[in-house]
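Asks: Quick note: the sequence shown uses full-length UniProt numbering, first residue 1, plus one each step.
All C-beta atoms, glycine included, are put in the ideal place defined by N, C-alpha and C.
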Amino acid sequence: MKAKILFPILVFLLASVGCEQEENGIAPGQVSGIEVFPTNGGAKIVCQLPDDPDVLFAKAYYTNTLGQELFTVSSLYNDTLYIKGYNDTEEHTVQVVAVNSSKRESAATAVTITPLISNIEMVKESIEISPDFGGVRISWTNPAADIVYTWLTFKEEGAEESDPIYLSSSRVNESIIVRGMNTNRKEFFVMVEDFYNNKTDKVTKGEHTPKFEEEIDKSLWTLVENLSVDGNAYEGKTVNIWDGQIDYLGSNGQGSYAMISRDNNGGQLNFPLDIVIDLGQDDAVVNRFALWQRAYWYGNEKEYYYYQGENFKAFRLYTSDDKVNWTLIAEHSLDDPRDSEGRVPEEYIQAAINGHSFNLPSPVNLSRYLKLSITENFGSEIYVNISELTLYGSN
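#1: Report the residue from Asp321, Ile275, Glu346, Asp282 whose alpha carbon sits nearest the alpha carbon of cysteine 384.
#2: Using the beta-carbon count (16 or more within 10 Å), is serine 394 buried or exposed?
#3: Using beta-carbon positions only, say whether phenylalanine 57 and leucine 49 come within less than 9 Å of one another.
#4: Note down the Cα distance separating alanine 60 from alanine 108, rounded to an integer number of angstroms.
#5: If I measure Cβ to Cβ from glutamate 381 and keep anything under 6 Å in the same chain, skipping five residues before and after, which residues do I get?
#6: If you draw a straight line from the C-alpha of isoleucine 374 to the C-alpha of phenylalanine 315, how long is it?
#7: Rounded to the nearest angstrom, what separates asparagine 24 and aspartate 201 at their Cα positions?
#8: With a threshold of 16 other CB atoms inside 10 Å of the CB of serine 16, please say whether the residue is buried or exposed.
#9: Output needed for serine 228: all residues of its chain with C-beta closer than 7 Å, excluding positions within five of it in sequence on either side, in chain order.
#10: Where does proline 361 land, buried or exposed, given buried means 16+ other C-beta within 10 angstroms?
#11: So if DSSP puts residue 396 in a beta bridge, which residue, or which two residues, is it bridged to?
#12: Helix, strand or coil for serine 219 per DSSP?
#13: Identify whether isoleucine 26 lies in helix, strand or coil by the three-state DSSP scheme.
#14: If contact is defined by three or more beta carbon pairs under 8 Å, each pair taking one atom from either stretch, is the segment 149–157 in contact with the segment 174–194?
#15: Quick check on DSSP: helix, strand or coil for valine 324?
#16: For proline 53 and leucine 291, I'd like the C-alpha separation in whole angstroms.
#17: Considering only the alpha carbon of each residue, which of Glu160, Gln293, Gly134 lies closest to isoleucine 176?
#18: Since proline 345 and tyrosine 307 should fall inside the 8 Å C-beta cutoff, what is the C-beta to C-beta distance between them, to a whole number of angstroms?
#19: Take valine 99 as the anchor and find which of Ala330, Pro28, Ile117, Thr93 has the nearest alpha-carbon.
#20: Hey, quick one: how far does the beta strand (DSSP E) through asparagine 377 stretch, first residue to last?
#21: Count the other CB atoms, across all protein chains shown, that sit within 10 Å of the CB of tyrosine 369; report buried if there are 16 or more and exposed otherwise.
#22: With a threshold of 8 Å on Cβ separation, who are the neighbours of valine 224 within its own chain once the five nearest residues in sequence on each side are excluded?
#23: Taking only three categories from DSSP, how would you classify serine 168?
#24: For the alpha helix (DSSP H) that glutamate 125 lies in, which residues bound it at each end?
#25: Taking glycine 253 as the reference, give the member of Arg294, Gly355, Leu70 with the closest Cα.
#26: Mind listing, in chain order, the continuous alpha helix (DSSP H) runs of no fewer than 4 residues lying wholly within the UniProt domain "DUF5000" (259–393)?
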C-alpha cells in the first residue's frame with residue numbers, strides 16, 4: 001500500500017523539480033570567436049555559439065546614428081548577425097549574446113564595429129537625372145538592395161522650390177520617369193532616406209530642361225471595324241480604349257475597358273487580336289505611349305485585377321497609310337510579377353495604376369492608321385481585357 005502511495009508522490013516531485021529547472025534554467029555561455037566585417041551602414045558579425053544544444057541563436061543590441069535602440073538576431077542555430085541603420089563611419093559598440101530555448105540570454109560580449117559609408121550616401125552619389133518627355137528620368141544604384149526613399153525637388157529661376165516628390169525602391173538598379181513638368185529649365189535637388197529615417201544632405205543634381213510632349217488628340221479617333229476584333233462583350237466596348245476613362249478599383253463593373261470574348265470572335269481567342277484605329281490625322285509625331293490594364297474584378301473592391309488571367313500581357317503597335325502595309329513601331333510584353341499564390345508586389349500594382357509607359361527609340365511620324373495587336377494575355381482562354389491606350393508627342 002505504501003509503495004502505491006509513494007510512487008505518485010515521487011513522480012509529482014520529479015515533475016515539479018523538472019519544471020522549476022526549466023523555468024529557472026541557467027543562462028547559456030557567452031559567444032566566442034567573433035569576427036567583424038564592415039558593411040555599408042553597418043557590419044556583419046560572425047560568432048561561435050556556445051557548445052550547448054539548448055542554445056538557439058545569437059542576438060545583438062546596438063544604438064544607431066539617430067540614437068535608436070535596435071536589436072537583430074541570427075537565424076536559428078546560425079552564427080551570423082547583420083547590423084544595419086548607421087549613417088556614419090564612426091566606431092560603435094555592439095553587445096552580442098547567446099539565447100537559449102527558455103529565452104535566457106548569456107552575458108554580453110562587447111564588439112566594436114566601424115561601418116563603411118552608408119548605402120543611402122552611395123545611392124545619393126549615384127543619382128543621375130536626364131531630360132525626358134514631359135519631365136525627367138532619375139536613375140540610381142542601390143548596392144544593398146535595401147528600401148530607400150528618394151526626395152526629388154526642383155526650382156525654376158525666380159520661382160519657389162517645388163514640393164517634394166517621393167520615390168521609393170529596393171531595386172539594385174532603378175530608373176524612374178517623373179512627368180507633369182513644363183519645358184522651363186529647372187535645377188533639381190535630391191535627398192535620400194532609409195528605413196531607419198537616416199537622411200543624407202540635400203544636394204543639387206544640376207539643371208535640366210524637360211522635353212515637350214502633349215497627348216495625341218483622341219477625339220479624332222474612330223474604329224475600323226472590319227479589320228478589328230469584337231471587343232464588345234458584356235459591359236466592354238472596343239471604343240472604350242480611347243475614351244479617356246481609365247478603369248479603377250471601385251468601378252463596380254461600370255468602368256471603361258474593352259472585353260474581347262472568344263464567343264464573339266469565332267469561338268476561340270486567335271492571337272494576335274487586332275484593333276485598328278483611324279487616327280483622324282496623318283501628321284502626329286509620337287515619342288511614347290501608355291497602356292492601362294483592367295483594374296476591377298466583379299465583387300472585389302479590395303484587390304486589383306492587374307496581371308490576372310483576362311488582362312492583356314503582350315502586344316505590338318503598327319502604323320499604316322493604307323491599312324494593308326503595316327510598319328512595326330513597338331513590341332512589348334509585361335512582366336508577370338505574381339508569386340505562387342497569385343500575389344503581386346506593391347511596386348507592380350503602382351506601375352499598373354500609373355499606366356505602362358513605353359518610350360520609342362526615336363520619334364515616329366504616324367500615318368493615318370494605328371493597329372494595336374494583342375499577342376498574349378495572362379492565361380485566360382476566354383477573354384482579353386484592356387482599359388486605355390494613350391499616345392504622347394505632338395499633334
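Replies: Concretely, from the data shown:
#1: The sequence shown places valine at residue 384, rather than the cysteine named in the question. Residue Ile275 is the option with its Cα nearest to valine 384.
#2: Exposed, because fewer than 16 other Cβ atoms sit within 10 Å of the Cβ of serine 394.
#3: Cβ distance < 9 Å, so phenylalanine 57 and leucine 49 count as in contact.
#4: Spanning the two alpha carbons is a distance of roughly 9 Å.
#5: Hits under 6 Å: none found.
#6: 4 Å
#7: Caution is warranted here: a pLDDT of 39 is assigned to asparagine 24, below 50, making its placement in the model unreliable, and no coordinate value can be reported.
#8: In this prediction, serine 16 has a pLDDT of 47, which is less than 50 and means its spatial position is unreliable; what the coordinates show is noted afterwards. It counts as exposed.
#9: Thr238, Asp274, Ile275, Val276
#10: exposed
#11: The requested residue 396 is not part of the displayed model; the chain covers only 1 to 395.
#12: In the structure shown, serine 219 sits in a helix (DSSP, three-state: H, G or I).
#13: Three-state DSSP puts isoleucine 26 in coil, outside helix and strand.
#14: yes
#15: Of the three classes helix, strand and coil, the one that applies to valine 324 here is coil, per DSSP.
#16: 58 Å
#17: Gly134
#18: Between the beta-carbon of proline 345 and that of tyrosine 307 there is about 10 Å, and that puts the pair past the 8 Å contact cut.
#19: Checked all of Ala330, Pro28, Ile117, Thr93; the closest Cα to valine 99 is Pro28.
#20: Note, asparagine 377: beta strand (DSSP E), 369–377.
#21: buried
#22: Val276, Ile277, Asp278, Lys323, Tyr369
#23: Strand, per DSSP.
#24: First-last of the alpha helix (DSSP H) with glutamate 125: 119–126.
#25: Arg294
#26: DSSP runs (the alpha helix (DSSP H)) wholly in the UniProt domain "DUF5000" (259–393): 346–354.
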